[in-house]
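Visitor:
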Amino acid sequence: MEIPENVKKRLSIPADEHFYAGHTACQGCGASLGLRYVLKTYGKKTIFTIPACCSTIIAGAWPYSTLDAPLFHTAFETTGAVMSGIEAALKVKGYKVKGEDGVMVVGWAGDGGTADIGLQALSGFLERGHDALYIMYDNEAYMNTGIQRSGSTPYGAWTTNTPGGKKHFLEKRHKKKVIDIVIAHEIPYAATASVAYPEDFIRKLKKARDTPGPSFIQLFAPCPTGWRSPTDKSIELARLAVQTAYFPLFEYENGRYKINMPSPKKEPKPIEEFLKYQGRFKYMTKEDIEVLQQWVNHEWEKLKKLAEIFG
Amino acid sequence: MEYKPIRKVVSGNYAAAYAVKHARVEVVAAYPITPQTSIIEKIAEFIANDEIENIQYVPVESEHSAMAASIGASATGARAFTATSAQGLALMHEMLHWAAGARLPIVMVDVNRAMAPPWSVWDDQTDSLSQRDTGWMQFYAENNQEVYDGVLMAFKIAETVNLPAMVIESAFILSHTYDVVEMIPQELVDEFLPPRKPLYTLTDFDNPISVGALGTPNDYYEFRYKLAKAMEEAKKVIHEVGKEFGERFGRDYSQMIELYKTDDADFVFMGMGSLMGTVKQAVDVLREEGYKVGAAKVRWFRPFPSEELYELAKDVQAIAVLDRNFSFGQEGILFNEAKGALYNTDAKPLMKNYIVGLGGRDFTVNDVRKIAENMKAIIDKGELDVEVDWYHLKR
Ligand SMILES: Cc1ncc(C[n+]2csc(CCOP(=O)(O)OP(=O)(O)O)c2C)c(N)n1
Ligand code: SF4
Chain R
535 MEIPENVKKR
545 LSIPADEHFY
555 AGHTACQGCG
565 ASLGLRYVLK
575 TYGKKTIFTI
585 PACCSTIIAG
595 AWPYSTLDAP
605 LFHTAFETTG
615 AVMSGIEAAL
625 KVKGYKVKGE
635 DGVMVVGWAG
645 DGGTADIGLQ
655 ALSGFLERGH
665 DALYIMYDNE
675 AYMNTGIQRS
685 GSTPYGAWTT
695 NTPGGKKHFL
705 EKRHKKKVID
715 IVIAHEIPYA
725 ATASVAYPED
735 FIRKLKKARD
745 TPGPSFIQLF
755 APCPTGWRSP
765 TDKSIELARL
775 AVQTAYFPLF
785 EYENGRYKIN
795 MPSPKKEPKP
805 IEEFLKYQGR
815 FKYMTKEDIE
825 VLQQWVNHEW
835 EKLKKLAEIF
845 G
Chain S
4 MEYKPIRKVV
14 SGNYAAAYAV
24 KHARVEVVAA
34 YPITPQTSII
44 EKIAEFIAND
54 EIENIQYVPV
64 ESEHSAMAAS
74 IGASATGARA
84 FTATSAQGLA
94 LMHEMLHWAA
104 GARLPIVMVD
114 VNRAMAPPWS
124 VWDDQTDSLS
134 QRDTGWMQFY
144 AENNQEVYDG
154 VLMAFKIAET
164 VNLPAMVIES
174 AFILSHTYDV
184 VEMIPQELVD
194 EFLPPRKPLY
204 TLTDFDNPIS
214 VGALGTPNDY
224 YEFRYKLAKA
234 MEEAKKVIHE
244 VGKEFGERFG
254 RDYSQMIELY
264 KTDDADFVFM
274 GMGSLMGTVK
284 QAVDVLREEG
294 YKVGAAKVRW
304 FRPFPSEELY
314 ELAKDVQAIA
324 VLDRNFSFGQ
334 EGILFNEAKG
344 ALYNTDAKPL
354 MKNYIVGLGG
364 RDFTVNDVRK
374 IAENMKAIID
384 KGELDVEVDW
394 YHLKR
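As structure tokens, then:
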């Protein structure tokens, strides 16, 4: 259906679609939503690099593509490096890179391909200062290979290689703070975002586009298949992750931290709120939940301090 | 413009760097490893001194990323180059498949170096030969001149058949040894090697393409077949480009196997890379001593020159295959390939495999003489003593 011009003008989210219907994501997939927003924001003049992950499949099998933009599928650990090569080639060929009228080079990788096997290439990319955007969509496990833990999997979560059972064996490490590792590179722009807050995400995408140098966005993207959650609860869960301060929204811009919470005055909700609906947390005991809550509190206080001192 | 070569005394690595400059490479991904390092250093120096314009130098954080960045650059339409050696090449292995599968004409110099452990920085072909099934073409240079010529030709051939190519030189024997190299004036290189016309690029925003997507069992097979066909076609292109190079610059590379005094030879020595310089010298000496011997230098190992090998093999009694490499559980890799290529033909010379020079062990004219004596004895007896001879073994 054509959207009337006067309505279009009032939409805060671009009406343009460059992510085709017929993609093969599961129902309620946060990653596919994220990809759609990126394409809405940047349009066709975007070159994507996607490593091995769920999005390899979402983007479609040959000869089809779900993306109305050029896309290079690459090896699992190479996102940062391939983006670097693309950006270098664009520059030598005389293209304007980044900015509203420039070409956007976007790496789109899962948490496994970013926090674990791809961390080295990500670091190289950040450190060398390429004009490109790396987006880590965080569904907190290796979903494409069947829900195994990644460095970004939270404490207490069931995955197929950290299962729960009689011995109460489950993920004992806290979520790796990839964004902190990224910020340690002192790049111009880094941010967290969530598919539950698309306006905020799109604003950040635009900022990443308009800030020269490397930028990074960690996008919280629920996965009903891997989280064992109802497919219609993805957005609610993504929102609760923010509201419980489990996944706070913030930006880091040239040394300055800024928290962008939807209700800044409100105290975070208890972590149980986020854990509900999710089968992956069913093995957690009361004590485990307390451990996770403590971690969330600690990280949240740390972030608030950073924003206070370096705001 | 009349061709007047510019003579410079350079190392093999500098010869490679000059070729990169003259080929007007647009993106260089660089990661150091001995003995490759001076290639990427020299290129950096050219850039720092403004001797190369319009180039992006990407100092990556690993060889895996060096190849990945070259792939990104090449897919975006740029002429891309990188260089490595041994462990670096092994680390790249996954991405070598990616470059060939995505049909990207990247050119890379590999400085042949032995694989660890034990650590060794010296000459050995196992690193490059371990990559033989990645879909890369492989050119083995005998001397610094061939390194320079090889890089220029490799770009032209690679960009014609849309396959990546490796130019291989030996550690220290070439990489760090200075010799006269005849370089070609820039304008003439430009005529020989015009700007790249890519098969596809990621910058066609009105007709966006997706490269490397999932290929179902219904399609994957045909992709592989096309790659196989491109490799086959490369033989013709190698011949044409090698011939053109000869006509323009006086050094003919039309043959994938260079034959040296093989016409009336009873038996020949066959091998690849710098050791063939020693062998040719030995052939001269042995001829004076009454041996009717020749040398067959395999320039291109991929694609494999089966037809040219047959032409040679049908006229000689025996072939001594010299392998500076080994495939564990089997035999020398060139030996293995050469035997395989002749199996279904009527050319059945005696073939013996000598494993020589691993990890940089010296290989001299005198060694070739000893091998010649052994070969003569075998021919006289009409049968092999052993098939695979670890020639230098301390017993
Ligand atoms: C070198 C290598 N090792 C392992 C794999 C198998 N593999 C493919 S996708 C994947 C997991 C991807 O996880 P993530 O990056 O979190 O993305 P998601 O699937 O969750 O979207 C793995 C392990 C691979 N493709 N390459
Ligand atoms: S498994 Fe999860 S991330 Fe993958 S497509 Fe399904 S919902 Fe999306």
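Protein sequences appear in the order of chains R and S. Each position in the first sequence, counted from 1, maps to that position plus 534 in this note's numbering. Each position in the second sequence, counted from 1, maps to that position plus 3 in this note's numbering. Glycine included, each C-beta is placed from N, C-alpha and C at the ideal position.
Taking S/His67 as the query, report the chain R residues whose CB atoms sit under 9 Å from its CB, ordered along the chain.
Guide: Going along chain R in sequence order, the residues near S/His67 (Cβ under 9 Å) are Ala609, Glu611, Thr612, Ala615, Gln654 and Ala655.
Visitor: Where do the N-terminal and C-terminal ends of the alpha helix (DSSP H) with R/Arg743 fall, by residue?
Guide: It spans Pro732 to Asp744 - the alpha helix (DSSP H) in which R/Arg743 sits, taken as one unbroken run.
Visitor: On a CA-only basis, which of S/Ser309, S/Ile36 and S/Pro201 is nearest S/Trp122? Give me that one, please.
Guide: Minimum Cα distance to S/Trp122 is reached at S/Ile36.
Visitor: Please go through the segment 631–708 of chain R and give each complete alpha helix (DSSP H) segment of 4 or more residues, from N-terminal end onward.
Guide: Qualifying alpha helix (DSSP H) stretches, in chain order: 653–662.
Visitor: Would you tell me roughly how many angstroms separate the C-alpha atoms of R/Val637 and R/Lys579, rounded to the nearest one?
Guide: Going from the Cα of R/Val637 to the Cα of R/Lys579 covers about 5 Å.
Visitor: Using 8 Å for Cβ pairs, my map puts R/Ser618 next to S/Ala105. What's the rounded Cβ distance?
Guide: No, R/Ser618 and S/Ala105 are not in contact; Cβ-Cβ is about 17 Å, not under 8 Å.
Visitor: At a cut-off of 8 Å, is R/Gly644 close to ligand 1 when judged by its beta-carbon and the heavy atoms of the ligand?
Guide: Yes.
Visitor: Please state the DSSP three-state secondary structure of S/Arg305.
Guide: In this structure, S/Arg305 counts as strand in the three-state DSSP scheme.
Visitor: Considering only heavy atoms of ligand 2, does any lie closer than 8 Å to the CB of S/Ala93?
Guide: S/Ala93 Cβ: outside cutoff for every heavy atom of ligand 2.
Visitor: Between which residues of its own chain and S/Arg364 is the CB-CB distance below 7 Å, once the five residues before and five after are set aside?
Guide: So the qualifying residues of the chain are His395.
Visitor: Residues of chain R with CB under 7 Å from S/Gln134, in chain order?
Guide: Under the 7 Å cutoff, chain R gives no residues; its nearest Cβ is about 16 Å from S/Gln134.
Visitor: Using Cβ-Cβ distances below 8 Å, what residues of the segment 718–732 of chain R are close to chain B?
Guide: Within the model displayed, chain B is absent; protein chains R and S are what it includes.
Visitor: Are the segment 278–298 of chain S and the segment 242–258 of chain S touching by the rule of at least three beta carbon pairs closer than 8 Å?
Guide: No: the two stretches stay apart, fewer than three of their Cβ pairs being nearer than 8 Å.
Visitor: Could you say which of S/Leu289, S/Met279 and S/Trp393 lies nearest to S/Phe331 if we only look at CA atoms?
Guide: Checking every option, the nearest Cα to that of S/Phe331 belongs to S/Trp393.
Visitor: Heavy atom of ligand 1 less than 8 Å from the Cβ of R/Met677, yes or no?
Guide: Correct: R/Met677 has its Cβ closer than 8 Å to ligand 1.
Visitor: Note down, in chain order, every chain R residue with its Cβ under 8 Å from the Cβ of S/Leu155.
Guide: In chain order: nothing, as chain R lies at least about 20 Å away.
Visitor: On the premise that R/Pro604 lies in contact with R/His664, defined as a C-beta separation below 8 Å, what is that separation, rounded to the nearest angstrom?
Guide: In fact, because the Cβ distance is near 17 Å, the residues do not count as touching under 8 Å.
Visitor: Is S/His395 helix, strand or coil when you go by DSSP?
Guide: Coil, per DSSP.
Visitor: Less than 8 Å separating the Cβ of R/Ser589 from some heavy atom of ligand 1?
Guide: Checking every heavy atom of ligand 1 against the Cβ of R/Ser589, one is found closer than 8 Å.
Visitor: Any C-beta of chain R sitting closer than 9 Å to the C-beta of S/Leu202?
Guide: False, the Cβ-Cβ gap to chain R never drops below 9 Å.
Visitor: Let me see if you follow: with CB-CB separation under 9 Å, is S/Asn57 close to chain R or not?
Guide: So, interface residue.
Visitor: What residue range is occupied by the uninterrupted alpha helix (DSSP H) comprising S/Leu99?
Guide: First-last of the alpha helix (DSSP H) with S/Leu99: Ala89 to Gly104.
Visitor: Using C-beta distances below 8 Å, list every residue in its chain close to S/Leu289, excluding the 5 sequence neighbours before and after it, in chain order.
Guide: Here the set comprises Val296, Val371, Arg372 and Ala375.
Visitor: May I ask you to list, following chain order, the residues of the segment 590–609 of chain R that have a beta carbon less than 9 Å from some beta carbon of chain S?
Guide: Within the segment 590–609 of chain R, the residues whose Cβ lies closer than 9 Å to some Cβ of chain S are Thr590, Ile591, Ala593, Gly594, Ala595, Trp596, Pro597, Tyr598, Ser599, Thr600, Leu601, Asp602, Ala603, Pro604, Leu605, Phe606, His607, Thr608 and Ala609, listed in chain order.
Visitor: Suppose you measure from the CA of R/Gln827 to the CA of R/Ile805; what does that come to, to the nearest Å?
Guide: In a straight line, the C-alpha of R/Gln827 is about 6 Å away from that of R/Ile805.
Visitor: Checking contacts by CB at 9 Å: is R/Lys578 closer than that to chain S?
Guide: Yes, because at least one Cβ of chain S sits closer than 9 Å to the Cβ of R/Lys578.
Visitor: Closer than 8 Å, Cβ to Cβ, to anything on chain S: give me those residues from the segment 622–638 of chain R, in chain order.
Guide: For the segment 622–638 of chain R, which is checked against every Cβ of chain S, the residues closer than 8 Å are Ala622, Ala623, Leu624, Lys625, Val626, Lys627, Tyr629 and Val637.
Visitor: Quick one, which of S/Thr85, S/Val110 and S/Ala344 has its alpha-carbon nearest S/Phe158's?
Guide: Looking at the Cα atoms, S/Val110 is the closest of the given residues.
Visitor: Ligand 1 and R/Ala565: does the residue's C-beta get closer than 8 Å to at least one heavy atom of that ligand?
Guide: Yes, ligand 1 has a heavy atom inside 8 Å of this Cβ.
Visitor: Can the beta-carbon of S/Pro308 be found less than 9 Å from the beta-carbon of S/Ile260?
Guide: For S/Pro308 and S/Ile260, yes; Cβs fall inside 9 Å.
Visitor: By the 8 Å beta-carbon criterion, what residues does the segment 657–681 of chain R contribute toward chain S?
Guide: The segment 657–681 of chain R vs chain S, Cβ under 8 Å: Ser657, Gly658, Glu661 and Arg662.
Visitor: When we look at the beta-carbon of R/Leu545 and count the other beta-carbons within 10 Å, is it buried (16 or more) or exposed?
Guide: With fewer than 16 Cβ atoms within 10 Å of its Cβ, R/Leu545 is classed as exposed.
Visitor: So R/Ser618 contacts chain S; which residues on that side make the cut at Cβ distance below 9 Å?
Guide: Those within 9 Å of R/Ser618 in chain S are Ala32, Val61, Val63, Ser68, Ala71, Ala72, Gly75 and Ala76.
Visitor: Could you check the C-alpha separation between S/Thr180 and S/Thr40 for me, to the nearest Å?
Guide: Distance between the alpha carbons of S/Thr180 and S/Thr40: 14 Å.
Visitor: Got a sec? Which residues, its chain only, sit under 7 Å from S/Ala268 by beta carbon, not counting five neighbours each side?
Guide: If we look at S/Ala268 and ignore the five residues flanking it on each side, its Cβ neighbours are Lys295, Val296, Gly297 and Val319.
Visitor: Given S/Val391, which residues of its chain have a CB within under 6 Å of its CB, disregarding the five upstream and five downstream residues?
Guide: Glu334 and Asn356.
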